[in-house]
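Data first, discussion second: the structure below is written as structure tokens.
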Amino acid sequence: RLQVEYLVNPNQSSEIASATGNDVIQGLNQTPKTIPAKYFYDDQGSLLFEQICELPEYYLTRTETAILQQYAHEIANLTGHCELVELGSGSSTKTRILLDAYNQLGYPLYYIPVDVSGGILESSAKDLLVKYPSLQVHGLVSTYELALQRLTPTQLPSRMICFIGSTLGNLQPEECDDFLSKITAAMEPGEYFLLGIDLQKPKHILEAAYNDSQGVTAAFNLNMLQHLNQRFQGNFDSNQFEHQAFYNESQHQVEMHLRSLKAQTVQLQALNLTIAFEDGETILTEISRKFNLKTIQQELQTRGLKPLKAWTDANQWFGLLLCQL
Ligand code: AVI
20 RLQVEYLVNP
30 NQSSEIASAT
40 GNDVIQGLNQ
50 TPKTIPAKYF
60 YDDQGSLLFE
70 QICELPEYYL
80 TRTETAILQQ
90 YAHEIANLTG
100 HCELVELGSG
110 SSTKTRILLD
120 AYNQLGYPLY
130 YIPVDVSGGI
140 LESSAKDLLV
150 KYPSLQVHGL
160 VSTYELALQR
170 LTPTQLPSRM
180 ICFIGSTLGN
190 LQPEECDDFL
200 SKITAAMEPG
210 EYFLLGIDLQ
220 KPKHILEAAY
230 NDSQGVTAAF
240 NLNMLQHLNQ
250 RFQGNFDSNQ
260 FEHQAFYNES
270 QHQVEMHLRS
280 LKAQTVQLQA
290 LNLTIAFEDG
300 ETILTEISRK
310 FNLKTIQQEL
320 QTRGLKPLKA
330 WTDANQWFGL
340 LLCQL
């Protein structure tokens, strides 16, 4: 009942395994400097992200989970029997809520988790198989892009592509456009798209969520430097950088940066790259956009993704949107 296909290098189980590092060279040669957010997610980074999701200040996961718990049955009733594809499945914790709802309606379950981390994908798929006797899993260790190209028409009455956790917010607006085009290109008319997005809210709540008191988000951000060291034979000293996160209100995005604590030079040998930092210079490592529910619904509508229903929590902090092509 379990099939796992590696569309990226199995030995290093990460999208980045096949990366040449050109994006790192390009990002660090830019002003201001930037490193693509995908470099957060080596094994240690993925573990730290799991810890972030449990933090008291990080309301996103908890809020989305509560919305799913409340409305998964409604979602399952609206879509009927369908195959679930999940982009960025991670530990599949939230997906269980959806699987439960479809399971309770008596539908045999077919789940396609997509994640760049093969280790997490395989271990969570095995756990799911124990819990759901009717479940078949076809995991894809892959980037979203490759996986979307690989999807063949479903054998079930329909399919729902799930992109929850507000990962859409980590894409730059142009990347977001491109991503949504790829989603619709991979869908057949009548199929569903379930999107979880973090909503705009007061600055202090957002800034607390990305500057937690235990310093886990700081460790997550700084771990990117260790990851670059390992991957590209680098000599970043993560003690000489500090975590910075703030809400850029005009752009409606939280920005995470790494700030150099002194003037310093760093080498990434495998990339033949030497980078000079001024004291206080920053590297942008992530944006996390915060959405307006009405605006995003209109945007999806113009792409042919008809919003069927939107759910939110009592504070309207997080939104879950079900669309149909
Ligand atoms: C994965 N993504 C939705 C998280 C976010 O909130 O943008 C990543 C993260 N960065 C810092 N904390 C969590």
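full-length UniProt numbering numbers the first residue of the sequence shown as 20 and each following residue consecutively. Glycine included, every Cβ here is placed at the ideal spot set by N, Cα and C.
With fewer than 16 other Cβ atoms inside 10 Å of its own Cβ, A295 counts as exposed. Taking 6 Å as the cut-off, one finds at least one heavy atom of the ligand AVI near enough to the beta carbon of G184. For the 7 Å CB-CB criterion, I54 and L87 do not form a contact.
Distance from the CA atom of T301 to the CA atom of H271, rounded to whole angstroms, is 20 Å.
If the five residues before and after A95 are omitted, its C-beta is found closer than 6 Å to the C-beta atoms of A120, Y121 and L124, all from its own chain and listed in chain order. DSSP, read as helix, strand or coil, puts V135 in coil. Not one heavy atom of the ligand AVI falls within 6 Å of the beta-carbon of T173.
In the structure shown, the three-state DSSP call for P176 is coil. Between Q343 and T321, the alpha-carbon positions lie close to 12 Å from each other.
Residue range V235 to F251 is occupied by the alpha helix (DSSP H) that includes A237. Taking each of S185, K113 and S142 in turn and checking the Cα distance to G158, the smallest one comes out for S142. Boundaries of the beta strand (DSSP E) harbouring Q283: Q283 to L287, taken from the DSSP string. Annotation for Q70: no beta strand (DSSP E) segment contains it, though the alpha helix (DSSP H) segment containing it runs D62 to E73.
Closest in alpha carbon position to M179, among D197, E207, D196 and E193, is E207. Separation of the CB atoms of S108 and V133 is rounded to 6 Å, and the pair is thereby assigned contact status at 8 Å.
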